[in-house]
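See below for the structure under consideration.
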Amino acid sequence: MNSLEKIGMTESPGGEVPAPGAGIHGPLAILVVEDNARDAGLMADLLAADGLEARYERVDTLEGFKAALQRQAFSLILSDYSLPSFDGLTALAVARQVCPDTPFILVSGALGEETVVESLRAGATDYVLKQRLDRLGPVVRRALKEAEQQRQRRQAEAALARSEQQLRALTARLEKLREEERTRISREIHDELGQMLTGIKMDLRWIERRLDDLGDDRRVNPILERLMGTAELVDATVKRVQRIAAELRPGILDKLGLPMALQYEASEFQSRTGIPCQVKLPPTDPPLRPEAATAFFRIFQEALTNVARHARASLVEIEFRLEDQDGCLEIKDNGKGMSGTDLANPKSLGLLGMQERARALNGCVSFAAGPGGGTTVVVRIPAVTAPEEGP
Ligand SMILES: Nc1ncnc2c1ncn2[C@@H]1O[C@H](COP(=O)(O)OP(=O)(O)OP(=O)(O)O)[C@@H](O)[C@H]1O
Ligand SMILES: [Mg+2]
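Using our numbering, the letters of the sequence shown correspond one by one to residues 524 to 914.
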C-alpha cells in the first residue's frame, strides 16, 4: 500500500495507536488536515523516507477533524493553513482544547509573517512552508521529541505529587498514632503509677502511726525520721509523675478544652522562662474537633519552645479566636525575628512539623516578621470537620 492510499484511511485500527507524544521510534498516528490528497501523500512519503514509521489519517472538514480527535489520540497533527471550509487557526484552536499536548505543525503554501506569529502565539508547535518540505522531517522529529520530553516531565511531576501526598498521609498517620500512644502512656503513668504511689504513701502513714504509738523511744526515732524522709520522697515522686504525664498529654486539653490548655501552658512557660505572656481567649469554648485541638496545642508548644530557645524576647502575645469556620491561633513575640533562611532551611524540622500538622487537617501556618521586629506565627485550622474528610 503506498502512502497515498494510507493517507486515504479515515480510521486507524484500534489498539495500535500510541498515546499523544509517544516515542519517535514506535508507530505513530499522524492526523493530516489537508484538502489536497496529493500534498498529504507527499508529506507521508517524505516522512517515510526520513525513517518515520506512521499511520496517517486525513481530514479536510472541521467536523471530520473534531470527529477524528474524538475517536483516538494522535501523536502529531499536520495542518494546512487554508482549506475550503475552514482554516488552520480554527483547527489549532480546537486541537489546543481537545489535546493541548499534541504537537501541531502548520504546513502551508502561503504563510505570512503575521499568520506565523499569530499561530505560534495560539499554541502551534512549528510551521513548514510547502516550498520547503525538506524541513518537514527535522521539524516533525523535533516536535515529537519535545512532546515526549514534556510527557515524561509531566509523568515525573505527577509521580512526585503522588509520593508527596502519600508521604503527607503517612506523616499524618504517624502523628496520630504517636498522639494516641502518648495519651495511653500518659494515662497509665498518671493512673497506675499514681495509685501505686498513693498506696505506698498510705502504708507509710500506717507505719508512722504505729511507731508513734510506741511512744518516745530512742530506737524508734531514727526509724520515724527515715520514714518521714521516705514520705517526702514519695510526694516528690507523685509530683514528678504528674508532670511527666502532663508533658506527654496534658489532661487539661481533654478535660477543659483548648483555651484553658493554652492558658495553662502559657503560664507554665512564663514561670519557667520569666518571659511574660499575654493571653487573649474567646469568651466561650470554641467547638473544635479533637484532632484540631491537639494540633493547635502541639504547634503552640513548639512555637513557645522556639521563642524560649531563639527569640530573645521580653514579651509573648497569644490570641486564639474563631474566624468563620476556622480556629486561628496567633503567637507573637518581640524578639530578634526569624530570617527567610530559617524558613527555607530544610533542616528547620520544627517549623516543618508545625506546617505539616496544620496541613494534615487542611490548615496552614504562616510565619511573619512583626511590625517592630519579632516573629508572628499564625496557625489556621478548620474548626469543624473539613468537607473532604466526611462526618
Ligand atoms: N520565634 C523565633 N524567633 C527567632 N528565630 C526563630 C524563632 N522560631 C524559630 N526561629 C529560627 O528558625 C530556626 C528553625 O526553627 P525550628 O523550630 O525548625 O528548629 P530548631 O528550634 O532550631 O530545632 P528543633 O528541630 O528542635 O525545633 C531556628 O533555628 C531559629 O533560628
Ligand atoms: Mg524548634
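Glycine included, each C-beta is placed from N, C-alpha and C at the ideal position. Owing to the predicted nature of the structure, the values given are computational and were not obtained by experimental measurement.
Output needed for residue i: all residues of its chain with C-beta closer than 6 Å, excluding positions within five of it in sequence on either side, in chain order.
i, result
"L716", "V764"
"A647", "L615, F627, L629"
"C851", "R844, R903"
"V907", "Q848"
"A816", "L781"
"S602", "V556, G611, A614, L629"
"Y787", "I775"
"T899", "K855, A891, G893"
"A695", "A883"
Taking 8 Å as the CB-CB limit, is residue i close to chain D?
i, result
"A645", "The structure shown has no chain D; it contains just one protein chain."
If you measure between the beta carbons of residue i and residue j, is that distance less than 8 Å?
i, j, result
"L785", "V802", "yes"
"L615", "A591", "no"
"L845", "P809", "yes"
"R880", "I841", "no"
"K589", "V630", "no"
"L599", "V663", "yes"
"F843", "P805", "yes"
"A834", "I854", "no"
"A883", "R732", "no"
"I775", "L750", "no"
"S709", "L771", "yes"
"G660", "L569", "yes"
"N868", "G897", "no"
"Q595", "A633", "no"
"A759", "I712", "no"
Could you tell me the alpha carbon to alpha carbon distance between residue i and residue j, rounded to whole angstroms?
i, j, result
"F609", "A571", "28 Å"
"G538", "E576", "Unreliable positioning characterises G538 in this predicted model, as indicated by a pLDDT of 36, which lies under 50. A coordinate reading is not provided."
"E534", "V901", "Confidence at E534 is low in this model, with a pLDDT of 38, below 50, so its placement is unreliable and the value that follows should be read with caution. Taking the straight line joining both Cα atoms gives about 59 Å."
"Q675", "D714", "58 Å"
"V839", "S686", "38 Å"
"V757", "K699", "34 Å"
"A563", "L693", "55 Å"
"R766", "K724", "18 Å"
"F820", "V761", "25 Å"
"R832", "K859", "12 Å"
"Q793", "T828", "11 Å"
"G611", "A679", "33 Å"
"G587", "P623", "18 Å"
"M561", "R677", "Note that residue 561 is Arg in the sequence shown here, rather than Met. So the two alpha carbons sit approximately 37 Å from each other."
"L727", "P773", "30 Å"
"G863", "A836", "19 Å"
"S925", "Q848", "A question about residue 925 goes unanswered here, because the residues of the chain that appear run from 524 up to 914."
"R658", "Q688", "45 Å"
"T638", "V651", "12 Å"
"L697", "V830", "26 Å"
"R644", "Q620", "15 Å"
"K653", "D558", "14 Å"
"S871", "L683", "22 Å"
"R655", "L565", "12 Å"
"P813", "G752", "42 Å"
"A583", "A681", "One point to set straight first is that residue 583 is Asp, not Ala, in the sequence displayed. Each residue's Cα considered, the two are about 36 Å apart."
"N744", "R795", "39 Å"
"V888", "M783", "22 Å"
"Q718", "L737", "29 Å"
"D740", "L720", "29 Å"
"D777", "E755", "30 Å"
"P482", "Q593", "The structure shown does not extend to residue 482, since the chain is modelled only from 524 to 914, so the question has no answer here."
"G876", "T706", "19 Å"
"L606", "R581", "13 Å"
Kindly list the residues whose CB is nearer than 7 Å to the CB of residue i, restricted to its own chain and excluding five residues on each side of it in sequence; keep chain order.
i, result
"L866", "L874, F890"
"L585", "S608, F609, T613"
"D649", "I628, V662, A666"
"I746", "L734"
"D573", "G660"
"L811", "L781, G850, A906"
"E702", "T817"
"M861", "F890, T898"
Counting only the same chain and skipping the five closest in sequence on each side, list residues whose C-beta sits under 8 Å from that of residue i.
i, result
"E669", "P626, T648"
Exercise. Check each residue's C-beta against every heavy atom of ligand 1 and list, in chain order, those closer than 6 Å.
Key: Taking a cut-off of 6 Å from the heavy atoms of ligand 1, the residues with a C-beta inside it are N829, V830, R832, H833, A834, D856, G858, K859, G860, M861, D865, S871, L872, G873, L874, T898.
Exercise. For the region 800-832, list the alpha helix (DSSP H) runs that are entirely contained and at least 4 residues long, ordered along the chain.
Key: Listed in chain order, they are 813-829.
Quiz item: Could you give the uninterrupted runs of the alpha helix (DSSP H) lying entirely in the region 546-620, keeping only those of 4 residues or more?
Solution: Counting whole runs of 4 or more residues, the region 546-620 contains the alpha helix (DSSP H) stretches 560-572, 585-594.
Quiz item: Going along the chain, which unbroken runs of the alpha helix (DSSP H) with 4 or more residues stay wholly within the region 852-894?
Solution: Counting whole runs of 4 or more residues, the region 852-894 contains the alpha helix (DSSP H) stretches 863-867, 872-882.
Practice problem: Note down, one range per segment and in chain order, each beta strand (DSSP E) of at least 3 residues found wholly within the region 714-802. | Solution: Counting whole runs of 3 or more residues, the region 714-802 contains no beta strand (DSSP E) stretch at all.
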